[in-house]
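Asks:
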Amino acid sequence: MRKATLLMAFLLLTSMSTGCDPDTTTGERPVHCEVLVDSPVKADNADKMVGKARFNCDKPGAEKLTLSMKLQKRDGDEWHTVASATHTVKGLDTHAAGFEHQSRPIELKCAEGVYRTVVDWSRVSRKNTKGDNLISGVVRDPCKKLL
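If you want it as structure tokens, here you go:
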């Protein structure tokens, strides 16, 4: 009885200690990627505002992750693109350990106004393409110091 209890405890501990990162290195399923967008904020030690796209793909990473980023400024009821950038990331560079994320920025010189970050992203993995359009929250005067 004691041996059976020890064996069960060993099997339970062994199964619980396996890695947390999903292993998608084999099989035909495409790699899953999570992409998030951050509102513009003032850059540290610079007269710039920065919007970010944060991402993490399961191992072994996406074959290609493309982030088409825009900073937009509101003029009345309309949004106008005032800065744009495209980042392409491949393989393990699309992966981050645990709950961490990789990130890519888009920058603009500080100016008053109402801004947001927009990201159109697409992921290619195992002959499958997936993507989405993400829009951050709206920020008034991202470079202005708060009281």
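Those letters in the sequence shown? Residues 12 to 158, per our numbering, in order.
Backbone N, C-alpha and C define an ideal beta-carbon position, used for all residues, glycine too.
The structure presented is a predicted model; accordingly, all values stated were derived computationally and were not measured.
#1: DSSP three-state call for Asp131: helix, strand or coil?
#2: Taking the Cβ atom as the reference point for each residue, do Val42 and Cys68 lie within a distance shorter than 7 Å?
#3: On the DSSP bridge assignment, give the partners of Pro153 in chain order.
#4: In the structure shown, what three-state DSSP assignment does Leu145 receive?
#5: For Cys154, which residues from the same chain have a beta carbon less than 6 Å from its beta carbon, with the 5 sequence-adjacent residues on both sides left out?
#6: Going by beta-carbon coordinates alone, are Arg79 and Gly148 separated by less than 7 Å?
#7: What separation, rounded to the nearest whole angstrom, lies between the Cα atoms of Val46 and Ala107?
#8: For Val136, count the other beta carbons within 10 Å of its own beta carbon; 16 or more makes it buried, fewer makes it exposed. Which is it?
Replies: Well, looking at it:
#1: Reading the sequence shown from its first residue, position 120 is the one you call residue 131. Asp131 falls in the strand class under three-state DSSP.
#2: In the sequence shown, residue 42 corresponds to position 31, counting from 1. In the sequence shown, residue 68 corresponds to position 57, counting from 1. Yes; because the gap between Cβ atoms is below 7 Å, this pair is in contact.
#3: Residue numbering aside, residue 153 sits at position 142 when the sequence shown is read from its first letter. The partner list for Pro153 (beta bridge, DSSP) is empty, contrary to what the question assumes.
#4: Here the question's residue 145 lines up with position 134 in the sequence shown. Assigned with DSSP and collapsed to three states, Leu145 falls in strand.
#5: The residue you call residue 154 lines up with position 143 of the sequence shown. Sequence-distant Cβ neighbours of Cys154 in its own chain, meaning closer than 6 Å and more than five residues away, are Lys53, Met60, Cys121.
#6: Numbered from 1 along the sequence shown, position 68 holds the residue referred to as residue 79. Numbered from 1 along the sequence shown, position 137 holds the residue referred to as residue 148. For the record, residue 79 in the displayed sequence is Ser; it is not Arg. No.
#7: One-based indexing of the sequence shown puts residue 46 at position 35. One-based indexing of the sequence shown puts residue 107 at position 96. Going by the C-alpha atoms only, they are around 12 Å apart.
#8: In the sequence shown, counting from the first residue as 1, residue 136 sits at position 125. Contrary to the premise, residue 136 reads as Ser rather than Val in this sequence. With 16 or more other Cβ atoms within 10 Å, it is buried.
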